[in-house]
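Heads up, the thing below is written out as structure tokens.
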Amino acid sequence: MGGSTGNTLYGCSNCQNPLAHNEDLLSKDFVVNSGQAYMFAHAMNITLGHEEDKQLLTGLYTICFISCNNCGQELGWKYIRAYDATQKFKEGKFILEKAKIVEESC
Numbered sequence: 001m002g003g004s005t006g007n008t009l010y011g012c013s014n015c016q017n018p019l020a021h022n023e024d025l026l027s028k029d030f031v032v033n034s035g036q037a038y039m040f041a042h043a044m045n046i047t048l049g050h051e052e053d054k055q056l057l058t059g060l061y062t063i064c065f066i067s068c069n070n071c072g073q074e075l076g077w078k079y080i081r082a083y084d085a086t087q088k089f090k091e092g093k094f095i096l097e098k099a100k101i102v103e104e105s106c
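Per the UniProt record's numbering, the sequence shown starts with residue 1, numbered consecutively.
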């Protein structure tokens, strides 16, 4: 598991709205167009967009883009369905772009 120890909260870089807890951080090893991204088991204070099929680096997925429910900044996406059996572990997980979140100690 990734992340630092202690009570860390990840928030929207635009408005600091809390988005995810450190204990829900699964990986810091994701790459997106803007650079690095983190995978979380859970996210909060987000708005889900419509579902769409998207070809990503590791295969075809059904995803929905997620945005901050306070300021509307697009943050990343939620994996709804993985078509490749080896990628099923991503289903229901959230990707937050590092460039769009801030890490805060509680």
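The beta-carbon is built from N, C-alpha and C at its ideal position, and this holds for glycine as well.
Computed from a predicted model, the values in this text were never measured in an experiment.
Between the alpha carbons of residue i and residue j, how many angstroms are there, rounded?
i: Ser27; j: Ala85; result: 19 Å
i: Leu48; j: Ala82; result: 18 Å
i: Thr8; j: Val32; result: 23 Å
i: Glu104; j: Leu96; result: 15 Å
i: Ala43; j: Glu23; result: 11 Å
i: Phe30; j: Tyr38; result: 6 Å
i: Gln16; j: Val102; result: 7 Å
i: Ser34; j: His21; result: 22 Å
i: Glu52; j: Cys106; result: 35 Å
i: Glu91; j: Thr62; result: 9 Å
I need the DSSP call for residue i, collapsed to helix, strand or coil.
i: Ala85; result: helix
i: Lys93; result: coil
i: Ala41; result: coil
Please name the residue or residues paired with residue i in a DSSP beta bridge.
i: Leu9; result: His21 and Glu104
i: Gln73; result: None, per the DSSP bridge assignment.
i: Lys78; result: Cys64 and Phe94
i: Ser27; result: Met39
Is residue i close to chain C, meaning its C-beta is less than 8 Å from at least one C-beta of that chain?
i: Trp77; result: Of the protein chains in the structure, only one exists, and it is not chain C.
Within the continuous beta strand (DSSP E) that includes residue i, where are the two ends?
i: Gln16; result: It is not in any beta strand (DSSP E) - Gln16 carries neither H nor E in the DSSP assignment.
i: Ser67; result: Gly59 to Cys68
i: Lys54; result: Ile46 to Leu56
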